[in-house]
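In the numbering used here, the protein residues as written are 3 to 233.
Just so it is clear, CB atoms sit at the ideal spot from N, CA and C, and this is done for glycine as well.
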Amino acid sequence: MGEDGNGGDGGRRWSRDLLWIGAVCVVVLLLVNAFAVRPFAVPSGSMEGTLEPGDRVLVNQLAYAFGGHPQRGDVVVFDGIGSFLPYRDEPSGVKRLLTEAGLAPAGDTVYVKRVIGLGGDRITCCGTDGRLRVNGVPLDESAYLFPGDAPSAVPFDIVVPDGRLWVMGDHRSASRDSRDHLGEPGGGAVPEDKVIGRADWVMFPLGRATSLDRPAAFAAIEGTGGHGEQR
């Protein structure tokens, strides 16, 4: 009887240990999801062929922490309230906390696009060569632009307000992006503080797993403006 009792106590201790380990793992996952890396499902074809509908990407939420800024060429995930959705109300505090912790879906206010211009940049489309120009420098988009697409079917000439980003989809003919909101508050530019993070990796489906590196063509624009750069 004594042996049975000891075995029962050991089994209960083991069960408690397992519960504690499980609880710690859940807390760690929630903290990572809330503050470091968050999975995101690509909702549309606006970023084809870089990202396909249904792709799962990992969003690095620390990419711009501690004074960092998005860079031209980054693929970013952001909340469109106040820019793409200028008249949508902010969610309640509880819902916002649940969403940021990954306990509630991001919903239809979250977008994924590529950063083309920073605050202070002048972006024009399109030159005689058919390219976008950022601060007068033609941008070679052949590495990511969807095959057969023009850089833009809509001509524009804008200066990005300070603290905002000009973003566009890689599948330009299928993307509603900054161009579609030129006449709205903010002119289509996304506030930096609405950026959730940088999409760094495609993790699913496994056959498409890859890192999302900044295209080399954006190096040609460095030093021409934006974030206080010398023109």
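Own chain residues within Cβ distance below 7 Å of residue i, not counting five before or after
i	result
residue 230	Confidence is the limiting factor: at residue 230 the pLDDT is only 48, short of 50, which leaves the residue's position unreliable, though a coordinate-based value still follows. Correct list: empty, nothing qualifies.
residue 31	Note on residue 31: pLDDT 48, under 50, position unreliable in the model; the coordinate value appears next. Nothing listed; no residue qualifies.
residue 131	140
residue 222	139
residue 86	113, 183
residue 56	43, 44
residue 46	55
residue 81	111, 112, 196, 198
Whole-number beta carbon distance between residue j and residue i, since they are thought to touch under 8 Å
i	j	result
residue 75	residue 117	6 Å
residue 203	residue 59	6 Å
residue 200	residue 65	4 Å
residue 48	residue 177	4 Å
residue 174	residue 195	Actually they do not touch by this definition, with Cβ atoms about 26 Å apart.
residue 210	residue 73	With a Cβ gap of about 24 Å, residue 210 and residue 73 do not count as contacting.
residue 188	residue 88	6 Å
residue 193	residue 84	6 Å
Cutoff 8 Å; reference residue i; Cβ partners in own chain excluding five residues on either side
i	result
residue 184	158, 160, 190
residue 181	154, 156, 158, 170, 190
residue 61	39, 40, 41, 42, 79, 198, 199, 200, 201, 202
residue 148	50, 51, 172, 173, 174, 175, 176
residue 99	Because residue 99 carries a pLDDT of 48, less than 50, the predicted location of this residue cannot be relied on, and the following value inherits that uncertainty. The answer is none, since no qualifying residue turns up.
Those residues which DSSP pairs with residue i across a bridge
i	result
residue 166	193
residue 124	161
residue 62	39, 200
residue 210	None, per the DSSP bridge assignment.
residue 81	112
residue 117	169
residue 139	136
residue 53	Partner(s): none; residue 53 has no beta bridge.
residue 87	83
Cβ of residue i within 8 Å of any chain B Cβ
i	result
residue 128	In the structure shown, chain B does not exist; there is a single protein chain.
Close-in-space but distant-in-sequence residues of the same chain around residue i (CB under 6 Å, 5 per side omitted)
i	result
residue 213	203
residue 135	126, 129
residue 234	In the structure as shown, the chain begins at 3 and stops at 233. Residue 234 is therefore absent and cannot be evaluated.
residue 77	116, 201, 214
Check: For the 8 Å Cβ check, are there 3 or more pairs between the stretch 161-169 and the stretch 138-153?
Finding: no
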